[in-house]
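Protein chains in written order, with this note's numbering: chain A, 2 to 75; chain B, 98 to 444. Since the structure comes first, as structure tokens, the remarks are kept for the end.
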Ligand code: SF4
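Quick look at the structure:
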């Protein structure tokens, strides 16, 4: 179980989702991926994408930047 | 024991592709969605940049459809490969710069590659014969099937009964009798089906699935190509064509002026890549300059920005100009009088 960070700042939707999807493909179940982004749309789309694919959202923090912490599903 | 057949369905976020996937799910097919991001896609967020569009749902429609149907959705970045489709479409353009027929062949072709890599059995689209003048005619259906390399592995559930049987039908995975025979531009049958399935909150894009069908957008893209002397674009170029007021006072540069707060904020994201202007003495828009302006051009641009600021009737407006290296200076300028802005400057 490892922890990774994905920098998706300044990317506009749906690119943050695409980068998240492509990164998760290389990870193992149980790994943690923290996505940092700036497009407010990502705070809806990344969780939606995770629900569809069975990954768990551990935390979403919306401040100046958006941080979404994901636990990769099996 | 037979294994469940697997279909990859092109999901645009609109009604037809949603229904096509739903018909497959109803026949017990394992369905996963695929969606392509070309950079020209019309989707909730880009619209939501503007204040007046804030209330519209800020969702990605393809993701929404996938979640409603309970299927996985794979979003594929095709920005680079798609350039060739827009720049050199073999079958030409539609009413605007939309290369719909090439685009369909390309997307079904990408879906075919995905199908092969992931050991799926066939491809599903929401195409309807006669629905769109360029890409969904009876004569273009075989073109898409052939040029994509999908051939009889391409099934269009909404109009399949009007087309020759496909491989999944011949294999008995799909019951042809339960497929549809829709044709033409009438959308009532689809709407009725959506209601019947309880899927009525779908997105209804006005023109088509992408900005290339939009007349004003296409005019801006043509202008960009003309000014560069070649058909070429980067992602930033085509994103910026979606917003702001574009004025080209000289062939070698244009000014992109935010029309309201949401657009100004969006343009701020490009400050490091473009020379930009902002009124200091009055409140007003952020503007970017695309091209290589000389000193006179900058003065002209500053006067245009002043025109669109709260100081439009003032004698002088102080405008800050910042270059790509981040160096700023201020100019005192007289706002450009409205009546003196030639219509031809508006792209
Ligand atoms: S409207 Fe745009 S995305 Fe849709 S088929 Fe035409 S070119 Fe492709």
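Ideal Cβ placement from N, Cα and C applies to all residues, glycine included.
Quick check: is the beta carbon of residue i nearer than 9 Å to any beta carbon in chain B?
i                    : result
residue 27 (chain A) : no
residue 67 (chain A) : no
residue 7 (chain A)  : no
residue 30 (chain A) : no
residue 14 (chain A) : yes
residue 75 (chain A) : no
residue 34 (chain A) : no
residue 19 (chain A) : yes
residue 45 (chain A) : yes
residue 58 (chain A) : no
residue 52 (chain A) : yes
residue 72 (chain A) : no
residue 11 (chain A) : yes
Step through the CB atoms of chain A and report whether any lies within less than 9 Å of the CB of residue i.
i                     : result
residue 306 (chain B) : no
residue 336 (chain B) : yes
residue 366 (chain B) : yes
residue 387 (chain B) : no
residue 216 (chain B) : no
residue 164 (chain B) : yes
residue 174 (chain B) : yes
residue 126 (chain B) : no
residue 169 (chain B) : yes
residue 134 (chain B) : yes
residue 193 (chain B) : no
residue 252 (chain B) : no
residue 325 (chain B) : no
residue 211 (chain B) : no
residue 178 (chain B) : no
residue 98 (chain B)  : Its pLDDT being 48, under 50, residue 98 (chain B) is placed unreliably by the model, and the measurement read from it follows with that caveat. No, its Cβ sits nowhere closer than 9 Å to a Cβ of chain A.
residue 157 (chain B) : yes
residue 138 (chain B) : yes
Within this structure, are the beta carbons of residue i and residue j separated by less than 9 Å?
i                     : j                     : result
residue 407 (chain B) : residue 381 (chain B) : yes
residue 208 (chain B) : residue 247 (chain B) : yes
residue 352 (chain B) : residue 385 (chain B) : yes
residue 159 (chain B) : residue 232 (chain B) : no
residue 458 (chain B) : residue 114 (chain B) : With chain B represented from 98 up to 444, any question about residue 458 (chain B) goes unanswered, as that position is not in the structure.
residue 256 (chain B) : residue 138 (chain B) : no
residue 265 (chain B) : residue 104 (chain B) : yes
residue 442 (chain B) : residue 286 (chain B) : no
residue 71 (chain A)  : residue 19 (chain A)  : no
residue 34 (chain A)  : residue 174 (chain B) : no
residue 284 (chain B) : residue 112 (chain B) : yes
residue 69 (chain A)  : residue 39 (chain A)  : no
residue 278 (chain B) : residue 258 (chain B) : yes
residue 414 (chain B) : residue 429 (chain B) : yes
residue 157 (chain B) : residue 311 (chain B) : no
residue 189 (chain B) : residue 335 (chain B) : no
residue 205 (chain B) : residue 166 (chain B) : no
residue 106 (chain B) : residue 131 (chain B) : yes
residue 368 (chain B) : residue 383 (chain B) : yes
residue 120 (chain B) : residue 275 (chain B) : yes
residue 350 (chain B) : residue 388 (chain B) : yes
residue 241 (chain B) : residue 180 (chain B) : no
Could you tell me which residues DSSP pairs with residue i in its beta bridges?
i                     : result
residue 35 (chain A)  : A:6 and A:70
residue 174 (chain B) : B:134
residue 129 (chain B) : B:105
residue 307 (chain B) : B:138
residue 61 (chain A)  : A:69
residue 226 (chain B) : B:280
residue 443 (chain B) : B:344
Verify the CB distance criterion: does residue i have a CB-CB separation below 9 Å to chain E?
i                    : result
residue 61 (chain A) : The chain inventory of the structure shown lacks chain E, comprising the protein chains A and B.
Any residue whose CB is nearer than 6 Å to a heavy atom belonging to the ligand SF4, listed in chain order: B:195, B:196, B:197, B:200, B:201, B:232, B:305, B:306, B:307, B:309 and B:310
Which whole runs of the alpha helix (DSSP H) in the stretch 189-222 of chain B are 4 residues long or more, in chain order? 197-214
Enumerated in chain order, which unbroken segments of the beta strand (DSSP E) with a length of 3 residues or greater are wholly contained in the stretch 330-369 of chain B? 342-347 and 350-354
List, from N- to C-terminal side, the alpha helix (DSSP H) runs of 4 residues or more that fit wholly inside the stretch 231-255 of chain B. 238-244
Uninterrupted beta strand (DSSP E) stretches inside the stretch 369-439 of chain B (no shorter than 3 residues): 372-376, 384-388, 414-419 and 425-430
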